Amino acid sequence: MKNVLITGVEGYVGSNLKKIINQKNINYNFFFTDINNLNILERNQVKEFFKKKKIHTVIHLATLQNVNESFDKPVKYINTNIIGTSNLLEFANKFEIKRFILLSSLTVNGSNNGTINEKSSINPNHIYGATKAACEALVKSYSNRYNMKYFILRPNLIVGNNKNHNENFFDFITKEIKNKKTYTLFGNGKHKRDWIHVFDVCSAIILLLKNNKYKNLTFALGNNKYSFLSIAKKLAQKFPKSQPLFKKANNQTFSLTCSSSKIKTKIGWRPRFNMNKIVNEYYEKYK
């Protein structure tokens with residue numbers, strides 16, 4: 302049975318992926334790791350892990366991902382995201398792992414006025430996105446030099462089932478509507494994103510793990526193209542008499558949407574969670 306290393310399993314995507322894997326009959330031997338049992342910044346620890354475990358595939362999810370914090374603590378983000386990825390790649394190559402699956406982010410593309418795809422230019426707006434772009438470059442360079450197979454996944458904004466993790470726009474806006482009868486939006490609120498449920502991200506990762514037909518591909522991942530204003534209005538309908546409160550645009554007030562046709566066509570990914578399901582999930586959480 303093939304051994305699979307998954308990093309970052311105490312994080313948002315990682316914890317949900319671990320839960321799904323444990324519920325399904327997936328024919329791999331998984332090593333679920335986080336900083337407590339594999340600190341990717343400790344080179345000797347990474348080396349010994351690969352030496353002992355005979356890993357076939359790495360699924361790299363461990364990352365810092367707070368956009369504003371990345372500006373305040375750029376060195377921390379560079380070390381964890383870039384150096385950590387570099388350490389994994391170095392010893393993955395040395396011990397001849399077959400595949401490396403990187404969870405990147407659509408933020409590597411910055412902002413856009415239209416719908417982007419995998420061929421769109423790399424132009425991150427913040428340090429976090431820049432570190433993800435650097436990680437992608439490292440993965441591709443190892444592939445070019447050492448013929449390491451890879452998949453790179455670029456999800457847009459991930460939402461849903463995050464009870465034990467950092468709150469996102471849905472959490473903030475739902476609590477505000479319920480408790481204050483207002484909801485704060487920046488700019489005019491009409492900037493759009495893709496809102497993808499974490500379970501749909503996990504299903505994409507599992508499909509990539511199982512796929513033996515393709516190699517060395519990058520996939521944009523998105524679903525549910527909605528503006529911040531339209532989502533707030535959907536949530537506000539659940540709680541009567543709530544009103545919008547508009548504030549000055551900030552560094553997150555931009556549109557970023559993508560086409561997921563490539564991963565649907567090649568890998569057969571199909572998202573299951575539409576916006577109504579996501580809104581209902583947050584309503585049930587906070588009602």
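Here my numbering runs 301 ahead of the position in the sequence shown, where the first position is 1. Here a beta-carbon is modelled for each residue, glycine too, at the ideal position from N, C-alpha and C. Because the structure is a prediction, the values reported are computed rather than measured.
Should residue i and residue j be called a contact, given that it needs their Cβ atoms to be closer than 8 Å?
i, j, result
"F363", "I327", "Residue 363 is actually Ala in this sequence, not Phe. No, these two residues do not count as a Cβ contact at 8 Å."
"T408", "H492", "no"
"D501", "R455", "no"
"L522", "S412", "no"
"K542", "D495", "no"
"L510", "I568", "no"
"V460", "F471", "yes"
"K303", "V310", "no"
"V440", "T358", "no"
"K354", "F331", "no"
"C451", "N517", "In the sequence on display, residue 451 carries Tyr and not Cys. Their beta carbons are under 8 Å apart, which means Y451 touches N517 by this criterion."
"N524", "I497", "yes"
Which stretch, first to last residue, makes up the beta strand (DSSP E) that contains residue i?
i, result
"A521", "L518 to L522"
"K514", "K514 -> no beta strand (DSSP E), and no H or E assigned at all."
"F574", "Taken as a continuous stretch (DSSP letters only), F574 belongs to no beta strand (DSSP E), as it is neither H nor E."
"F401", "R400 to L404"
"I459", "L458 to V460"
"I360", "T358 to H361"
Mapping DSSP to helix, strand and coil, what is residue i?
i, result
"S528", "strand"
"Y484", "strand"
"N345", "helix"
"Y451", "strand"
"I327", "coil"
"N410", "helix"
"P545", "strand"
"T475", "helix"
"P425", "coil"
"N369", "helix"
"I417", "strand"
"K588", "coil"
Between the C-alpha atoms of residue i and residue j, what's the straight-line distance to the nearest angstrom?
i, j, result
"S531", "I398", "45 Å"
"F351", "V580", "42 Å"
"Y443", "E391", "8 Å"
"N418", "P425", "15 Å"
"I307", "I360", "5 Å"
"C436", "K514", "24 Å"
"Q366", "V499", "15 Å"
"Y378", "K420", "26 Å"
"L486", "Q538", "16 Å"
"R344", "I478", "47 Å"
"G415", "Y484", "27 Å"
"N463", "Y313", "7 Å"
"F372", "E582", "32 Å"
"L389", "Q346", "10 Å"
By Cβ distance, which residues of its chain are closer than 7 Å to residue i, with the 5 residues on each side in sequence left out?
i, result
"S528", "G490, K491, H492 and K493"
Tell me the residue span of the alpha helix (DSSP H) that contains residue i.
i, result
"R446", "I428 to Y447"
"Q324", "Y313 to Q324"
"L390", "G385 to K395"
"D335", "Unbroken run through D335: none, as it is neither H nor E."
"K377", "P375 to Y378"
For residue i, which residues from the same chain have a beta carbon less than 6 Å from its beta carbon, with the 5 sequence-adjacent residues on both sides left out?
i, result
"T334", "T308"
"I423", "V409 and A434"
"N469", "V460"
"G385", "I341 and L342"
"N356", "According to the sequence shown, residue 356 is Ile rather than Asn. N304, L306 and I398."
Is residue i near the ligand FMN - that is, is its Cβ less than 7 Å away from at least one heavy atom of it?
i, result
"S421", "The ligand content of the structure shown is nil, which means the ligand FMN is not present either."
Among residues of its own chain, excluding the 5 on either side of residue i, which ones have a beta-carbon nearer than 8 Å to its beta-carbon?
i, result
"Y447", "N394"
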